[in-house]
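Scroll down for the structure; my scribbles are underneath it.
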Amino acid sequence: MNPNVVPRYDLVDHHGNAVTEQHFTGQYQLVFFGFTHCRMVCPTALTKLSTVLDDLGPLADRIQPLYVSVDPDRDTPEVMRAFLETDYPRFLGLTGNTEATEAARTAFRVFATRKADPDDPDGYAVPHTAVTYLLDTDATYLAHFPDVLEATEIADRIRELCGTRT
Numbered sequence: 564m565n566p567n568v569v570p571r572y573d574l575v576d577h578h579g580n581a582v583t584e585q586h587f588t589g590q591y592q593l594v595f596f597g598f599t600h601c602r603m604v605c606p607t608a609l610t611k612l613s614t615v616l617d618d619l620g621p622l623a624d625r626i627q628p629l630y631v632s633v634d635p636d637r638d639t640p641e642v643m644r645a646f647l648e649t650d651y652p653r654f655l656g657l658t659g660n661t662e663a664t665e666a667a668r669t670a671f672r673v674f675a676t677r678k679a680d681p682d683d684p685d686g687y688a689v690p691h692t693a694v695t696y697l698l699d700t701d702a703t704y705l706a707h708f709p710d711v712l713e714a715t716e717i718a719d720r721i722r723e724l725c726g727t728r729t
């Protein structure tokens, strides 16, 4: 257990509903922070995590995958929904105002900062921590998975942690 991660958030999902970590009590939560305008890290991570969920079979039905924005200025619920429903339909997007998204990042100990990017149409990107968090059915930190792990390693670890739990 990592005592420094106290997974709390009070955000809005990509359907416009207010959501906290307690909304998913009884389910595991697989949480990844990113932004919809990300060109490399986020699409790669979301694809990998989608593969993980496929590999988990019926266990995946007990997991709520979440994509939490680190770019609330651009990632409105509508933008998150359009981004996720097309390519990553299992994920529920979470966003909010700057204060709410910063509070979530702080709770999960996620680094993110706005940085100039001349290749982006809006002129900036948001480099961020590329770690996936697993919360238990009581919304307590259970584990995290660095971006360097392969999908099979993540799936095996989730099975180990969640497979025999209710």
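The opening residue of the sequence shown carries number 564 in my numbering; numbering runs sequentially from there.
Note that the Cβ used here is the ideal one computed from N, Cα and C, for glycine as well.
> Among Asp636, Pro681, Asp719 and Arg653, which has the Cα closest to the Cα of Thr610?
Replying inline: The option with the nearest alpha carbon to Thr610 is Arg653.
>> Taking CB distances under 8 Å as the criterion, tell me whether Ala667 reaches chain D.
In response: Checking the listed chains, one finds no chain D in this structure; it contains a single protein chain.
> Out of curiosity, what's the CA-to-CA distance linking Thr675 and Glu716?
Replying inline: The sequence as given places Ala at residue 675; Thr does not occur at that position. Straight through space, the alpha carbons of Glu716 and Ala675 are spaced by roughly 26 Å.
>> Per the DSSP calculation, Ile626 is bridged to which residue(s)?
In response: Beta-bridge pairing links Ile626 to Tyr591.
>> Could you tell me the alpha carbon to alpha carbon distance between Ile721 and Gln627, rounded to whole angstroms?
In response: CA-CA distance, Ile721 to Gln627, rounds to 13 Å.
>> Whole angstroms are fine: how far does the CA of Thr669 sit from the CA of Gly597?
In response: One C-alpha to the other measures close to 14 Å.
> What did DSSP end up calling Thr529 once you bin it into helix, strand or coil?
Replying inline: Nothing in the structure corresponds to residue 529, since the chain is present only between 564 and 729.
>> If you measure between the beta carbons of Asn660 and Pro635, is that distance less than 8 Å?
In response: Result yes, Cβ atoms of Asn660 and Pro635 sit closer than 8 Å.
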